[in-house]
Amino acid sequence: MIKMLKTLTLMTMIAAAGAAVSNAGVDNGDQAPSFALTDAAGSKVSLSDYSGKVVVLEWTNPDCPFVQRHYQEGSMKKLTSAYSDSGVVFLTVNSTNYMDRDANAAFAKKEGISWPLLVDQDGAVGHAYGAQTTPHMFIINKDGKVVYQGAIDDDPRGSKDAAERTNYVAQALDQVLAGKAVSTPETTPYGCSVKYKK
Amino acid sequence: MLSAVVAVFAAGAAVADDSHVHARLVSDFDPVDGGGRFHLGVVLEPEPGWHIYWRNPGGAGLATDVTFELPEGFRAGELRWPTPVSFIQPGGIIGYGYESPVLLAAEVTAPDVTDRPVPVYVTASWLACKDICVLGEARLAAELPLDVAARRRSAAAFEAWEASLPTAAEPGRVSISTTGGPVAAGGTTALVVWLQWSGAPANVEFFPDPGPALKVDNVRTRSRGQLTRVDIDVTRIQGTAEPAQSLSAVVVTTDGQGHRTGRPLTINLD
């Protein structure tokens, strides 16, 4: 009896001692954090510019081998061309601390990125969303709520045939556009860690 | 097929260097010992300042992968993972893995005692990171048994390896309970894992090993005397794998001499 009381007392003490610092980030169903960033071309871009639209956010870093593989395979271009007719907006965000606007402009030019590439060098927007990897994908529905977050697909090593891969973003977009619930709303993202400033 | 394999062995491909990691094939196979069960694996040694990742890489990264190509009748068991370390990547992103040489290996069973050379391939692939990340791979080949000197080095490596693997705790050493469950589908559950120790460890670390059906974030570990509290956020990944009934983890205690011991845990989620 005394041992149990002592344990309970310790549990209460540990519960009270120091609030845990939790990572910023969004839960599905939350309102997507608003942001205003400058893109690689120098234009100001805010999430509120796209109010009422489905928005896909892709976290990127051209120095990351996972990003390099996806750009070689044209993953983002395939998504943008498949869904732009449906009015889906694609935004790429770069929270890499050592890449300024010029570096991002060079990347956009090299890869032919025709959609906004947002420069988040101080990492504030990355932290607001809880972006952990490059790539890390988020889908925001027309009501501004996050409805998907996680990996772009189920193939971190790129070892599956393209036909065998499940692209979680395409799958979720099909469901969102059809007014259905997202069947896989959250997956573990894969990739290099976002290179936030220390 | 066999002649092609022998041709590669002539090139001595049991070691390789790629992407800041030195890889070396090790095996204690010795037909004189009866040869029925032996170990086969690879020592991966990251360059100073670089790390590779554990089976669960943490908030980012890529699990190291090791596969075996064996002759007919030889069967490799599960790959075994030595107790990892954790590191914080910029932005507070936790990583689990290895900063010093690690032996990733499996137990292999042979179909019968043989004194013919046994050709094997061990392929390791990894993500090595320091300030940037680089993918690496090595396909190592050997004819077993290795030469006497290599066999002796391997035997020593496997002895140390056994001690580096997470091992079940002695009965009564630790008792586990959880609060905050069950972990429902949809949404994220804040689970608390309570560990009651029979002695008071100097330090306690918690390494979740969620597998394909779960996502674990935000691990916070606090200890006071004989009680440790681990807060974790658990999310079920829907529409992919079979739902998980439990969460595996490795809990690591450090004793007064600074020696780390890993213990596997199973945490019920229902």
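Residue numbers (numbering that gives the first Met the number 0), protein chains in the order written: chain A, 0 to 197; chain B, 0 to 269.
A virtual CB, placed ideally from N, CA and C, is assigned to each residue, including glycine.
These numbers come from a predicted model, not from an experiment.
### Task
Check the Cβ of B:Ala25 against every Cβ in chain A and list those closer than 8 Å, keeping chain order.
Note that residue 25 of chain B is Val in the sequence shown, not Ala. Under the 8 Å cutoff, chain A gives no residues; its nearest Cβ is about 24 Å from B:Val25.
### Query
Is the shortest distance between the beta-carbon of B:Gly179 and the beta-carbons of chain A less than 8 Å?
no
### Task
Please determine, among B:Gly90, B:Ala104 and B:Ile92, the residue with the shortest C-alpha to C-alpha distance to B:Thr66.
Nearest C-alpha to B:Thr66: B:Ala104.
### Query
For A:Gln67, which residues of its own chain have a beta-carbon under 8 Å away from its beta-carbon, when the five flanking residues on both sides are left out?
Within the same chain, A:Gln67 has close Cβ partners Pro61.
### Message
Taking beta-carbon pairs under 7 Å, can you tell me which members of the segment 133 to 144 of chain B lie near chain A?
### Response
Val133 and Leu134
### Message
Is the separation between the beta-carbon of A:His126 and that of A:Gly190 shorter than 8 Å?
### Response
no
### Query
Mind checking if B:Thr252 is an interface residue toward chain A, Cβ cutoff 8 Å exclusive?
no
### Task
Run the CB neighbour count on A:Gln30, radius 10 Å, all protein chains shown included, and call it buried at 16 or more, exposed below.
exposed
### Query
Tell me which same chain residues have a C-beta within less than 6 Å of the C-beta of B:Thr277, skipping the five on either side of it?
Residue 277 of chain B lies beyond the stretch modelled for chain B, which goes from 0 to 269, so this question has no answer here.
### Task
Apply the 10 Å Cβ neighbour rule to A:Glu57 and answer buried if 16 or more other Cβ atoms are within range, or exposed otherwise.
Buried, since its Cβ has 16 or more Cβ neighbours within 10 Å.
### Message
Does any residue of chain A have a CB that is nearer than 8 Å to the CB of B:Thr188?
### Response
Not an interface residue.
### Contact set between the segment 86 to 113 of chain B and chain A, restricted to residues whose Cβ is under 8 Å from the partner
Gln88, Pro89, Gly90, Gly91, Ile92 and Gly94
### Query
Helix, strand or coil: which one does DSSP assign to A:Leu47?
Here residue 47 of chain A turns out to be Ser, not Leu, going by the sequence shown. Residue state, collapsed to three classes: helix.
### Task
List the residues of chain B whose Cβ lies closer than 9 Å to the Cβ of A:Val193, in chain order.
In chain order: Ala59, Gln88, Pro89, Gly90 and Ile92.
### Task
Would you give the residue range spanned by the beta strand (DSSP E) that A:Met136 belongs to?
His135 to Ile139
### Query
What span of residues does the beta strand (DSSP E) with B:Ala308 cover, start to end?
No answer is possible for residue 308 of chain B: it lies beyond the span of chain B, which begins at 0 and ends at 269.
### Query
To which residues does DSSP link B:Phe67 through a beta bridge?
Residue pairing from DSSP places B:Phe67 in a beta bridge opposite B:Val121.
### Task
With B:Ser247 as the anchor, note down where its beta strand (DSSP E) starts and where it stops.
Ser245 to Thr253
### Amino acids of chain B, ordered along the chain, whose beta-carbon sits closer than 8 Å to that of A:Thr186
Neighbours of A:Thr186 on chain B, chain order: Lys214, Ile236 and Thr239.
#### Entry: alpha helix (DSSP H) segment containing A:Pro64, residue limits
Run containing A:Pro64: Pro64 to Glu72, per the alpha helix (DSSP H) assignment.
### Query
Using the C-alpha atoms, what's the distance from B:Asp114 back to B:Leu246?
44 Å
### Query
Who are A:Asn166's beta bridge partners in DSSP?
A:Asp152
### Query
Are B:Val101 and B:Pro81 closer than 8 Å when you measure CB to CB?
yes
### Query
By DSSP, does B:Leu1 sit in helix, in strand, or in coil?
The pLDDT assigned to B:Leu1 is 45, lower than 50, so where the model puts this residue is not dependable; a value taken from the coordinates is nonetheless given after this. If DSSP states are grouped into helix, strand and coil, B:Leu1 belongs with the helices.
### Task
Taking only the alpha-carbon atoms, compute the straight-line gap between B:Val273 and B:Ala243 and give it to the nearest angstrom.
Not covered by the structure: residue 273 of chain B. The range shown for chain B is 0 to 269.
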